[in-house]
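Notes follow the structure.
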Amino acid sequence: MPPAQTPSEVNAQVVEKAKRYDLLISLTNSHGTLAQYPRVLESVELLDGWDNIKKQFMSVNDGAICDARMLSVLPLPCGFQSFLQDLFRGTVNLPRHSPDWIIQLKDRITRNVLRAFAVDCLCEQVFHSDFPDFDMANGLVLEKYREQFKLTDSLKVLRIWDAMITEELIATKRFQDDVLPAKVDEWSAKMHESLLPFFPEAGALPEGEPITHDRSKRYLNCVRDAWNMKHKLMLSSPMYELRRFQAGVLYDPKEMEAVDLKGNPREHVSAGVKIRVCVFPALMQFDQPNFAVEDSFRAALVSSRRFYADDKVVKANLCCVGRATVEVDD
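Its first residue numbered 2, the sequence shown is counted upward by one per residue in the numbering used here.
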């Protein structure tokens, strides 16, 4: 184990990294690469990327589902009951304080509901998290140039530089070879653990086998695709949010695609049909006209982007670039 560094040694490293970032900024500015930031993603790229994540995800949740009576005696994932309450908001009477509440909901806990729960886990861990949270030394350097640009340039310029430096950090060998693979494994294992009680074949692990064994690897491709999409969205010019539609909302083919109980696409959906379950959220794109104001320093930073849907934010040119997957009433 290496000896602990003194404050002066840490400060020297920060100064050295600051010099390298100053050099990076001067080089990129002289070569005109600043004009590449922030990027604007093509609609086809967004649509294909979002559809690919959905297909990957729907395919990994096949298999028999445990009977609700079995679930009533199993330790369920933390937050599952509150998730159901939010998912069925106003459309199902959820007996929160009843010991056999899950049995009373046995007809509503379908494969698509479990998929929706797993998607919620995916979004919280990947899109709504603060990852990538770079090491402290990098963080000090980043804050140094951020504060400098806050004083000398507009927030629009700050956002451009922030995107450029963030991408440089993401491209480093350490991040790509060590940090990112470890985080993807962690996310995959957490999703696998959350779904263990619901799928009997997934729960039949040999004694002593950790949940991070190969059985959890089925989520890796899905998680990687989700991270790749977040990476692109973080560094792009428009703003994005993930929108989950509540049960009881009218079906809109412009923003949703319907699936059956098995997750297969439904060709024809009658007009006026309501949503039963939102399995996968929609990806919405918009511009924020009142973005560049003095108190929006934190909002200008790449690290502040969480992709939560916020109805209080003024949005211009709002459009759906990746449809939601929903189960509708028959």
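Glycine residues also receive a C-beta, built at the ideal position from the N, C-alpha and C atoms.
- Between LYS275 and ASP331, the gap from beta carbon to beta carbon reaches 7 Å or more.
- C-alpha of TYR252 to C-alpha of LEU152: approximately 48 Å in a straight line.
- By alpha-carbon distance to PHE58, the top candidate from GLY264, ARG40 and GLU168 is GLY264.
- Per the Cβ contact rule, the region 217-230 is not in contact with the region 264-273 (fewer than 3 Cβ pairs under 8 Å).
- A direct Cα-Cα distance of roughly 17 Å separates ARG306 from PRO282.
- According to DSSP, GLY323 shares a beta bridge with LEU284.
- In this structure, the alpha-carbon of PRO254 lies about 15 Å from that of GLN247.
- CA-CA distance, ASP226 to ARG277, rounds to 27 Å.
- Taking the Cα of ASP121 as reference, the smallest distance to any Cα among GLN149, ASP131, ARG90 and PHE84 is reached at PHE84.
- Here GLY273 is exposed, its C-beta having fewer than 16 other C-beta atoms within 10 Å.
- Take MET235, set aside five residues on each side of it, and the residues of its chain with a beta-carbon closer than 6 Å to its own are VAL303 and ARG306, in chain order.
- Within the same chain, and ignoring the five residues on either side of GLU187 in sequence, no residue has its Cβ closer than 6 Å to its Cβ.
- In this structure, the beta-carbon distance from MET192 to ALA119 falls below 7 Å.
- Per the DSSP secondary-structure output, SER237 pairs in a beta bridge with ARG40.
- For GLU258, the enclosing beta strand (DSSP E) covers residues 257-259.
- For the pair LEU284 and VAL250, the CB atoms are not nearer than the 7 Å cut-off.
- In this structure the region 40-49 lies against the region 236-243, because at least three pairs of beta carbons, one per stretch, are closer than 8 Å.
- Leaving aside the five residues that flank ASN113 on each side, the residues in its chain whose CB is nearer than 6 Å to its CB run, in chain order, VAL278, VAL280 and GLU328.
- Exposed is the label assigned to GLN86, since fewer than 16 other Cβ atoms lie within 10 Å of its Cβ.
- DSSP places PRO133 in the coil class of the three-state scheme, outside both helix and strand.
- Nearest to ARG116 by alpha-carbon distance, out of LYS56, HIS129, TRP51 and ARG244, is LYS56.
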